[in-house]
Amino acid sequence: MQEAPATVFAAGEGLEFGASSPERAIPEYQALLKHPEARVRAGALVRMARSQRKLGRASEALRTYEQLAILGAAPAGGATAELVALRETRQRERLKAALELGRYPLDRTTFAFYAEGLAVSRSARAWAEAAEQLWKRSRDSARGAEVLSVGGRSNHQHDKSIKPAEFLSRVRLKLNPPSQARAPVPPAGFRAEGRASGSPTMQVWHIQS
């Protein structure tokens, strides 16, 4: 899912930036909190908290970020509502846990931004990088990536307009595990779906939504 269009917030941002009046912008953002789409509410909360901070209202901004965190996976601020809220309120342990659990599909750059200064496991970082590379393969290759399937069908011509996070939320990874008697344990944020059809060595793991 993409973030809400910037035009939705034009009235508020016109006041916040154009008129240099975050005070007057806040009611415009508050009005959007009744919107049926979570991504619009999330975008409004990000902007509300930003305006409150500009006005020195730290306690109000904190409460706004708490509301934002409740929206979880709703896209906002270049990532998801929860990640933005946890980073802005410096809840380092909760942020680290969210990253290591693979709760949200992130490309490598976004993952690195939110993991900065945190002792995030190497495996979590590696999966973010691998997933991004996989997305790039499907985007750039005329043949598509043979290790992918989207919506239950082989993905031979991936839609170049789809962003990494959208793609990763739907993708299946078919990975060759090391030779071993037992099936491998899925990485953080994945769940096992069994063996790939016709392949005794290829395990299918699905990114959890």
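The working numbering applies: residue 183 is where the sequence shown begins, and numbers increase by one.
Quick reminder that beta carbons are idealized off the backbone N, C-alpha and C, glycines included.
Query raised in the report: Does the segment 241-255 touch the segment 267-276, meaning 3 or more C-beta pairs lie closer than 8 Å?
Result: yes
Requested in this report: In the DSSP assignment, find the unbroken alpha helix (DSSP H) run with Leu227 in it and report its ends.
Outcome: For the purposes of this step, residue 227 is taken as residue 45 along the sequence shown, with counting starting at 1. Segment Ala220 to Lys236, the alpha helix (DSSP H) holding Leu227.
Report task. Mind reading off the beta-carbon distance from Arg306 to Leu265? Whole number of angstroms is fine, and I expect it under 8 Å. Result -> Residue numbering aside, residue 306 sits at position 124 when the sequence shown is read from its first letter. Residue numbering aside, residue 265 sits at position 83 when the sequence shown is read from its first letter. According to the sequence displayed, residue 306 carries Ala and not Arg. Actually they are not in contact, since the Cβ atoms of Ala306 and Leu265 sit about 13 Å apart, beyond 8 Å.
Requested in this report: Pull up the CB-CB distance for Ala258 and Ala207, whole angstroms please, since I reckon it's below 8 Å.
Outcome: Taking the sequence shown and counting its residues from 1, one reaches residue 258 at position 76. Taking the sequence shown and counting its residues from 1, one reaches residue 207 at position 25. Incorrect: roughly 17 Å between the Cβ atoms, too far for contact.
Query raised in the report: How about the segment 237-248 and the segment 282-291: do they share at least three Cβ pairs that are nearer than 8 Å?
Result: no
**Report entry** Thr189 to Glu210 span [Cα, whole Å]
**Finding:** The residue labelled residue 189 in the question sits at position 7 within the sequence shown. The residue labelled residue 210 in the question sits at position 28 within the sequence shown. Taking the straight line joining both Cα atoms gives about 13 Å.
Query raised in the report: For Pro187 versus Ser233, is the C-beta spacing smaller than 8 Å?
Result: Position 5 of the sequence shown holds residue 187. Position 51 of the sequence shown holds residue 233. Their beta carbons are not under 8 Å apart, which means Pro187 does not touch Ser233 by this criterion.
Query raised in the report: Between the C-alpha atoms of Ala267 and Leu300, what's the straight-line distance to the nearest angstrom?
Result: The residue labelled residue 267 in the question sits at position 85 within the sequence shown. The residue labelled residue 300 in the question sits at position 118 within the sequence shown. The straight-line gap from Cα to Cα measures roughly 16 Å.
**Report entry** DSSP three-state assignment for Asn358, whether helix, strand or coil
**Finding:** Within the sequence shown, the letter at position 176 stands for residue 358. Because Asn358 carries a pLDDT of 36, less than 50, the predicted location of this residue cannot be relied on, and the following value inherits that uncertainty. The answer is coil: DSSP assigns Asn358 none of H, G, I, E or B.
Report task. Kindly indicate the opening and closing residues of the alpha helix (DSSP H) around Pro209. Result -> If you number the sequence shown from 1, residue 209 lands on position 27. Taken as a continuous stretch (DSSP letters only), the alpha helix (DSSP H) holding Pro209 covers Pro204 to Ala213.
Query raised in the report: What do you get for Thr262, buried or exposed, if any count of 16 or more other CB atoms within 10 angstroms of its CB means buried?
Result: Taking the sequence shown and counting its residues from 1, one reaches residue 262 at position 80. Answer is buried; the Cβ neighbour count reaches 16.
Requested in this report: Measure the C-alpha to C-alpha separation of Ala255 and Arg221 and round it to an integer number of angstroms.
Outcome: Here residue 255 is taken as the residue at index 73 of the sequence shown, counted from 1. Here residue 221 is taken as the residue at index 39 of the sequence shown, counted from 1. If you take the alpha carbons of Ala255 and Arg221, they lie about 9 Å apart.
**Report entry** Sequence ranges, beta strand (DSSP E) only - wholly within the segment 238-276, length at least 3
**Finding:** none
Query raised in the report: Which residues bound the alpha helix (DSSP H) around Ala294?
Result: As a working mapping, residue 294 is identified with position 112 in the sequence shown. Its alpha helix (DSSP H) spans residues Arg290 to Ala297.
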